[in-house]
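Structure first, commentary second.
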Amino acid sequence: GEASACSFDTCALLMLPEHYREAANQSKIHDCGYVIPKEILVPRNYTGPSNLGIINSLGGKPVGDCRSSFTTADYLSFRDTDKNSELGKQYLSPDSAVMVEHLFGDL
Numbered sequence: 722g723e724a725s726a727c728s729f730d731t732c733a734l735l736m737l738p739e740h741y742r743e744a745a746n747q748s749k750i751h752d753c754g755y756v757i758p759k760e761i762l763v764p765r766n767y768t769g770p771s772n773l774g775i776i777n778s779l780g781g782k783p784v785g786d787c788r789s790s791f792t793t794a795d796y797l798s799f800r801d802t803d804k805n806s807e808l809g810k811q812y813l814s815p816d817s818a819v820m821v822e823h824l825f826g827d828l
């Protein structure tokens, strides 16, 4: 699927057995299902090395609540060209499943 636009609720519905969905909702930290804004990655009072947000080889175009995850990332790479030019500097990276198949074939 397109992780860049998948909401938390959609992810829970499609990926989890029904008996785990309530527990997932109680642990929810953001409305985007697969990526979160980088400021959520560490506690506010964290004083260690700087916090870097890396989003690698995703497909689709970020929408809604997922958009803030992409605008705060330090490094972006997408599977598709020119879909996300408004997000600033980004890189093109092939889908990892495609690359594994290309490098290792049908094992």
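Read the sequence shown against my numbering and you will find it ends at 828, with the numbers running on by one and no gaps.
Ideal placement from N, C-alpha and C gives every residue a C-beta, glycine not left out.
Taking Cβ to Cβ, would you say Ile-775 is nearer than 8 Å to Asp-795?
Yes, these two residues count as a Cβ contact at 8 Å.
Which of helix, strand or coil DSSP assigns to Leu-779:
Residue state for Leu-779 is assigned as strand, using DSSP reduced to three classes.
Just reading off the alpha helix (DSSP H) that Ser-679 is part of, what are its end residues?
Because residue 679 is not part of the residues shown, which for the chain are 722 to 828, the question remains open.
I need the straight-line Cα distance from Val-784 to Ser-748, nearest angstrom please.
Each residue's alpha carbon lies about 22 Å from the other.
In three-state terms, what does DSSP make of Cys-753?
If DSSP states are grouped into helix, strand and coil, Cys-753 belongs with the strands.
Relative to the C-alpha of Ile-750, which candidate in Val-763, Glu-739 and His-740 has its C-alpha closest?
With distances taken between Cα atoms, Ile-750 lies closest to Val-763.
Would you mind working out which of Thr-731, Pro-815 and Ser-725 sits nearest Ile-757, comparing C-alpha positions?
Ranking Thr-731, Pro-815 and Ser-725 by Cα distance to Ile-757 puts Ser-725 first.
Nearest residue (CA-CA) to Ser-778, options Arg-800, Ser-789 and Glu-760
When each option's Cα is compared against that of Ser-778, the closest is Arg-800.
Considering only residues of the same chain and omitting the five flanking positions on each side of Gly-722, which have a CB-CB separation below 7 Å?
No answer about Gly-722 holds up, because its pLDDT of 47 lies below 50 and its placement is not dependable.
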